[in-house]
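Below: one structure, written as structure tokens.
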Amino acid sequence: MEATAAKPSFPAKPKAARSPGYWTMVGRRLRRDPVTMACLALLLAIVLSAVFADLLAPADPYKTSMIRRLKPIGTPNHPLGTDELGRDMLSRLLYGGRMSLVMGITPVLNALAIGGLLGIVAGFFGGRLNMAIMRTMDVLYAFPSVLLAVAISGALGSGLTNAIVALTIVFIPPLARIAETVTTQVRGLDFVDAARASGAGSLTIIRVHLLPNVLGPIFVYASSLISVSIILASGLSFLGLGVEPPQAEWGLMLNTLRQAIYVQPWVAVLPGALIFLTSICCNLASDGLRTAMEVKL
Amino acid sequence: MTSLHRLDPVPDIGGPQQPLLSVGNLTKHFPVRGGLTGPKPVARAVDGVSFSVAKGETLGVVGESGCGKSTTARLLMRLIEPDGGDIVFDGETVGTRSGLSLRELRRRMQMVFQDSYASLNPRLTIADSLAFAPMVHGVSRRDATAVAGDLLGRVGLDPGTFMGRYPHELSGGQRQRVNIARALALRPRLVILDEAVSALDKSVEAQVLNLLVELKRQLDLTYIFISHDLNVVHYISDRVLVMYLGKVAEVGPVEAIYGRPAHPYTRALFSARLSMDPDERTAAAPLQGDPPNPINPPSGCRFRTRCPHATGVCAEREPVPMDLGGGHIVACHLHDSASGHPEAHAYA
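Listed in order, the protein sequences are those of chains A and B. Going by the working numbering, the first residue of the first sequence is number 29, and it counts up by one from there. Going by the working numbering, the first residue of the second sequence is number 7, and it counts up by one from there.
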């Protein structure tokens with residue numbers, strides 16, 4: 029439908045038709061994807077149960093009882109049994125989820141802010157700045173992520189904050205690299221040149237033209253890192269480098285219960301099952317998000 | 007009081023005789039990877055290009071792909087920093103302390119890109135894309151949106167229908183109309199059209215060309231029209247500039263270039279054009295091979311490796327531009343009786 033010659037005189041319409049925006053279309057596509065919706069629902073349930081652990085937990089997660097150790101699933105008052113010190117498993121899993129999610133999500137958010145910024149700056153300004161930032165990232169990249177996390181938190185000492193710092197450092201390079209790649213790609217498009225040709229400064233161009241086009245892919249990649257982060261955080265706690273007992277955390281619980289695996293295998297496996305469930309939901313949801321965001325515009 | 011006065015047209019300074027744009031010895035050498043020892047290799051994309059554009063004319067720029075047409079356009083807009091040469095806009099030198107600032111240059115000179123889709127931000131509505139440049143120059147959002155509506159009307163698109171749309175909802179021709187509207191948003195005096203109609207199909211191309219001619223008349227514009235399509239350039243241009251491997255081969259009025267092409271390269275270029283008459287079509291390729299590598303261009307005349315008239319002098323010295331009269335300038339030893347080229351007198 030091509031308008032014919034240049035005739036500015038069109039009958040004025042009462043109101044301008046506004047097309048649905050990008051995010052409306054992404055939302056529409058997401059709603060048509062049952063797997064992603066199920067994963068998002070499960071994740072929401074896990075997050076909510078962690079947030080409202082105080083209200084949901086039937087018992088005190090720290091109250092030990094020597095006579096009620098390692099009760100099986102289905103014991104009265106202890107629907108998911110008890111651990112090696114007689115503490116209520118359901119309560120500990122709820123509270124542990126809180127800690128595991130914090131340790132899984134905080135490093136990714138930190139790394140998203142730092143790595144994303146570094147990558148966008150490197151990609152937008154290019155040249156020597158890009159060289160300096162990206163080669164530094166490559167040095168960090170050279171270490172296997174698990175090794176790097178263990179080494180850093182080993183050097184910093186155990187504890188929640190140190191574990192989060194260690195994981196943040198692990199996730200900065202991959203996020204910086206993705207941000208740099210996407211930014212370089214978008215920066216080469218003509219609309220960025222057109223914006224520069226209109227006399228706009230770098231900050232305005234980044235805000236109006238760059239960020240809306242690069243944040244989506246960076247967020248999707250970050251969401252896929254949450255599962256890795258939860259697993260790594262659990263691993264650190266398992267090794268005694270994350271949170272310390274008697275704190276409830278899924279990785280730590282997995283460690284302390286591992287001696288009970290022959291006595292009460294179903295109870296011992298519960299924290300691991302939750303780690304698995306959460307991370308696979310994160311991965312599938314992030315896959316679904318990526319597909320939904322690939323709207324050919 | 008509205009903020010629209012910030013978009014008042016830039017007044018003419020030097021009068022009609024002064025060229026709107028004159029470019030002297032514009033040079034861009036891109037560094038190339040490799041070469042650990044010795045001097046760093048460079049691609050001589052634009053190598054000492056000089057020309058001028060008169061007020062109100064359309065200068066067509068033609069040449070093979072890779073000859074430096076688009077690089078020249080981007081150098082003029084200062085989207086790439088030139089290595090050398092100067093740009094004078096209506097008597098004001100660009101980038102000097104007493105001359106024209108980059109920001110001011112970009113108000114006076116705008117560009118339309120070839121890829122109509124890549125040159126629009128997919129996340130902005132058409133209205134936002136058009137309002138962006140005026141807002142950068144201090145126009146309020148409300149006034150800028152009004153400007154956007156006015157611009158859409160000027161390029162033949164109904165503002166009510168298109169203001170709230172996203173680029174992917176438009177056809178290629180409609181998108182290119184939006185790009186033209188955006189280039190006009192700051193009321194420029196010179197618009198560079200870099201292959202602006204090349205990606206459109208023929209019927210749409212004709213409509214957009216007519217729109218460009220109409221806008222030029224209405225808004226008193228000057229065009230630099232870059233294209234590889236000789237027919238389109240013939241139709242729209244007042245003067246034509248032929249580029250070869252980063253150099254100006256020939257420049258002159260459109261009738262002179264199309265009627266009496268003087269440079270062997272221009273002749274070869276025109277004989278490559280298909281005739282409307284099937285009996286007159288040439289079967290043989292007028293030029294053999296590809297243009298030489300701009301990293302290591304031939305000595306002397308750049309065209310000598312493919313030129314049927316090449317002799318020793320062509321390898322030794324670079325030809326100086328000669329005026330054949332009427333502003334028809336050609337850089338070829340054939341037209342310089344003092345060059346020492348054996349065939350020179352036959353043409354002079």
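Heads up, the beta-carbon is just placed ideally off N, CA and C, and yes, glycines get one too.
Close beta carbons around residue i, own chain, < 7 Å, minus the five adjacent residues each side
| i | result |
| --- | --- |
| A:Thr92 | Leu113, Gly114, Arg115 |
| B:His315 | Pro270, Leu340, Glu349 |
| A:Pro86 | Asp116, Leu118, Ser119 |
| A:Arg224 | Ile233 |
| B:Ser9 | Gly144, Val145, Ser146, Asp149 |
| B:Gly105 | Glu98, Thr99 |
| A:Arg235 | none |
| B:Lys46 | Pro37 |
Alpha-carbon to alpha-carbon, residue j and residue i
| i | j | result |
| --- | --- | --- |
| A:Ile233 | A:Gln292 | 60 Å |
| A:Glu277 | A:Gly229 | 48 Å |
| A:Glu322 | A:Pro62 | 17 Å |
| A:Gly143 | A:Arg205 | 8 Å |
| A:Met131 | A:Gln287 | 25 Å |
| A:Arg97 | A:Gly270 | 25 Å |
| B:Arg112 | B:Tyr123 | 22 Å |
| B:Pro88 | A:Val193 | 45 Å |
| B:Arg147 | B:Gly333 | 46 Å |
| A:Tyr90 | A:Leu140 | 34 Å |
| A:Pro245 | B:Pro15 | 41 Å |
| B:Ala79 | B:Leu247 | 13 Å |
| B:His347 | B:Gly91 | 30 Å |
| A:Leu238 | B:Arg129 | 10 Å |
| A:Ser314 | A:Leu157 | 31 Å |
| B:Cys338 | B:Gly258 | 14 Å |
| A:Asp82 | A:Tyr123 | 8 Å |
| B:Asp53 | A:Gly227 | 27 Å |
| A:Leu145 | A:Val248 | 16 Å |
| A:Arg59 | B:Arg183 | 36 Å |
| A:Ser326 | A:Pro172 | Nothing about residue 326 of chain A can be read from this structure; chain A reaches only from 29 to 325. |
CB contact below 8 Å: residue i versus chain A
| i | result |
| --- | --- |
| B:Ala139 | yes |
| B:His143 | yes |
| B:Ala202 | no |
| B:Gln294 | no |
| B:Met83 | yes |
| B:Arg114 | no |
| B:Pro15 | no |
Beta-carbon separation (whole angstroms), residue i vs residue j, contact threshold 8 Å
| i | j | result |
| --- | --- | --- |
| B:Met328 | B:Lys75 | No, B:Met328 and B:Lys75 are not in contact; Cβ-Cβ is about 23 Å, not under 8 Å. |
| B:Glu220 | B:Ile335 | That belief does not hold up - the Cβ atoms of B:Glu220 and B:Ile335 are roughly 31 Å apart, past 8 Å. |
| A:Asn190 | A:Ser252 | The pair is not a contact, with the Cβ atoms about 25 Å apart (cut-off 8 Å). |
| B:Arg103 | B:Pro194 | Their Cβ separation, rounded to whole angstroms, is 23 Å, which puts B:Arg103 and B:Pro194 out of contact at 8 Å. |
| A:Ser47 | B:Tyr172 | 5 Å |
| B:Leu215 | B:Val203 | 6 Å |
Residue-chain proximity (residue i, chain B), Cβ-Cβ < 8 Å
| i | result |
| --- | --- |
| A:Ser252 | no |
| A:Ser315 | The residue you asked about is not Ser; residue 315 of chain A is Asp in the sequence shown. Not one chain B Cβ lies under 8 Å of A:Asp315. |
| A:Thr32 | Confidence at A:Thr32 is low in this model, with a pLDDT of 48, below 50, so the placement of that residue is unreliable and no value is reported for it. |
| A:Ser307 | no |
| A:Ala296 | no |
| A:Pro240 | yes |
| A:Gly227 | yes |
| A:Tyr123 | no |
| A:Val210 | no |
| A:Ser230 | no |
Close Cβ partners of residue i (< 8 Å) along its chain, the five nearest in sequence each way excluded
| i | result |
| --- | --- |
| B:Val48 | His35, Phe36, Pro37, Val38, Ile301 |
| A:Ile303 | Ser128, Ile258, Ile259, Ser262, Trp278, Gly279, Leu282 |
| A:Gly182 | Leu269 |
Environment of residue i [buried if 16+ CB atoms lie within 10 Å]
| i | result |
| --- | --- |
| A:Asp111 | buried |
| B:Gln224 | exposed |
| B:Asn237 | exposed |
| B:His11 | exposed |
| A:Ala207 | buried |
| A:Val167 | exposed |
| B:Met169 | buried |
| B:Arg279 | exposed |
| A:Ser307 | buried |
| B:Phe119 | buried |
| A:Ala320 | buried |
Partner residues on chain E for residue i, Cβ-Cβ distance less than 7 Å
| i | result |
| --- | --- |
| B:Asp121 | Although the question refers to chain E, the structure presented lacks it and instead comprises the protein chains A and B. |
Residue i Cβ short of 7 Å to the ligand MN heavy atom set
| i | result |
| --- | --- |
| A:Pro202 | No copy of the ligand MN occurs in the structure displayed, which carries no ligand at all. |
Nonlocal neighbours in the same chain, by C-beta distance under 6 Å from residue i, ignoring five residues either side
| i | result |
| --- | --- |
| B:Leu108 | Arg84 |
| B:Ser28 | Ser58, Val94 |
| A:Leu108 | Ile101, Met117, Leu118 |
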